[in-house]
Amino acid sequence: MSTRVTGRYKASTGRYNAFEAVNGLFDKSADRLNMPEWLREVLKTPFREVTVAVPVRMDSGKIHVYTGYRIQHNGARGPWKGGIRYHPEVDKDEVRALASLMTWKTALLDIPFGGAKGGVACDPMNMSMTELERLTRKFVARIAIVLGPQRDIPAPDMGTDGQVMAWLMDEYSSRRGYSPGVVTGKPITLGGSQGRVTATAYGVVIAADAYYKSRNETISGKTCAIQGFGNVGSYAAHFWHERGGKVIAVTDVKGGVYNEKGLDIPALFTWFNEKRTVAGFPSADVMNNQDLLTLPVDCLIPAAIGDVITPDNCGNIKAPLIIEAANHPTMPEADEELYERGIVVIPDILANAGGVTVSYFEWSQNLTQFYWDEERVNIELERKMRKAYLDVQTMARQEKCSKRTAAFMLALKRVGEAEQQRGN
Ligand code: GLU
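For the sequence shown, our numbering gives the first residue as 3, with consecutive numbering after it.
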């Protein structure tokens, strides 16, 4: 697959070059920090990029060769950390961008990790469990050499879940001995943490709550629209609803639903568990992924793929607040336009950092073999999220800049200092 860049777009897909976009955000904040050129180069360049062939025997008996990646972006502050994505659009450029975002995310939350990401270009929705297991084991076998509890610790991302992490743990442990700390997002029985499944969404809603709190408001009574009903989107709907907010629209890959009075979220969960889509949910109108973005809601939550808020559609966005539950859902030009229009964007590296934060708690529980209850996990998560939110808010006010630029400034400063202190 070609990743040639034409202008700012990838010729192969016509889509934005994601890594270039993240580096654009990096430079914007590095300029404000007067960061020297050599340090920028060090911080922008991935430490290690591994590409592997992943031959898998399909249920049909035929062998299909998939391509897998593990990219370790920066490890100055601790072991590399970041999810593994199974999605047809996974390519090196995308994984690089996501690995870089992990470096900034872990630094912003001040957890002792670097940033990495992995992925396999595949379509998990159209694979059987046995095919997924064989794919995972083969992929892990080929990247195990760069993983480890003190080296690089994967986690779930789009298209992967606790089961995939369980296979990863098993495959790695069968080579190196029992190693629960090599991966997070595991099932509880295998050393997973209470609260990890809901952590990203919980963090999203805490970020929203922190924003409203700074304005003496609450989520109660506020409307929101959520793009995506996977792990993050579905639990974000749950927590929004639980706090008295109204979720008026939700979409997923197969369709979407809208009800201006607020969707019945517990009933939508029951529907989704049976049908594997929100589409067709009764007592609601039909909604699509594009129209959802321009609904007149109090808060828009993109919780699916990247690059969905574009220079073409951002002019029509009516929500005064966008919380980026997905990674890089907003293209940089669109981001600038939103800022000029006074629309507040809580950036991905802050908004969706709840997942990796509880991954950190899971990893420390694995290392100490002392396990926390859910209440403790959620209290510690909330504390981390609120602290990061306030740090970003203070920086944005001081610098008179967007929350994204402020978040990157804080993260760059921390990673830059660690890099310099470690020396060459
Ligand atoms: N994949 C998640 C993210 O993008 C979680 C990563 C982790 O827990 O290591 O932040």
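All C-beta atoms in this analysis are idealised placements derived from N, C-alpha and C, irrespective of residue type, glycine included.
- Looking at the backbone, the Cα of Ser366 and that of Gly183 are separated by about 8 Å.
- For Thr359, the closest C-alpha among the options Pro38, Gly84 and Asp375 is that of Gly84.
- Here DSSP, grouped into helix, strand and coil, assigns Thr202 to helix.
- Excluding sequence positions up to five before and after Pro298, its CB lies within less than 7 Å of the CB of Lys320, all in the same chain and listed in chain order.
- Rounded to the nearest angstrom, the gap between the Cα atoms of Lys389 and Leu110 is 10 Å.
- By the C-beta criterion, the stretch 187 to 207 is judged to be in contact with the stretch 161 to 176, since at least 3 inter-stretch pairs fall below 8 Å.
- In the DSSP assignment, Gly117 falls within the beta strand (DSSP E) that extends over Gly117 to Ala123.
- Between Ser404 and Tyr341, the gap from beta carbon to beta carbon is short of 8 Å.
- Only exposed fits Lys256, as fewer than 16 other CB atoms lie within 10 angstroms of its CB.
- Beta-bridge partners of Ile325 (DSSP): Ile348.
- Here Gly230 has Ala305 and Ala306 as same chain residues with Cβ atoms under 6 Å from its own Cβ, once five neighbours each way along the sequence are excluded.
- By the Cβ criterion, the stretch 195 to 205 is in contact with the stretch 380 to 388, since at least three pairs of Cβ atoms, one from each stretch, lie closer than 8 Å.
- For Ala157, the Cβ falls inside the 7 Å cut-off from some heavy atom of the ligand GLU.
- Checking the DSSP bridge columns, you'll see Cys226 partnered with Val249 and Cys301.
- Measuring C-alpha to C-alpha distances from Pro38 to each of Gly418, Asp211, Leu323 and Gln423 identifies Gly418 as the nearest.
- Annotation for Thr53: no alpha helix (DSSP H) segment contains it, though the beta strand (DSSP E) segment containing it runs Arg50 to Arg59.
- Residue pairing by DSSP places Lys83 opposite Ile155 in a beta bridge.
- Residue burial is scored here from C-beta neighbours: Val97 has at least 16 other C-beta atoms within 10 angstroms and is therefore classed as buried.
- For the pair Ala420 and Ile345, the Cα-to-Cα distance works out to about 33 Å.
- Looking at the DSSP output, Asn315 bridges to nothing.
- Sixteen is the threshold: since fewer than 16 other Cβ atoms of the shown chains lie within 10 Å of the Cβ of Glu377, the residue is exposed.
- If you look at Arg72, you'll find it in the beta strand (DSSP E) that goes Ile65 to Asn76.
- Of the heavy atoms belonging to the ligand GLU, at least one sits nearer than 7 Å to the Cβ of Val358.
- Checking the 7 Å criterion, the Cβ of Ser361 is within range of a heavy atom belonging to the ligand GLU.
- Note: Tyr260 is bridge-paired with Ala251 and Asp287 in the DSSP secondary-structure output.
- Separation of the CB atoms of Thr132 and Asp33 is rounded to 51 Å, and the pair is thereby denied contact status at 8 Å.
- By the CB criterion at 8 Å, Asp350 and Ala336 fall outside the cutoff.
- Phe372 sits exposed, since fewer than 16 C-beta atoms from the chains shown fall within 10 Å of its C-beta.
- Residue pairing by DSSP puts Gly150 in a beta bridge opposite Asp154.
- Between Tyr88 and Gly121, the CB-CB gap stays under 8 Å.
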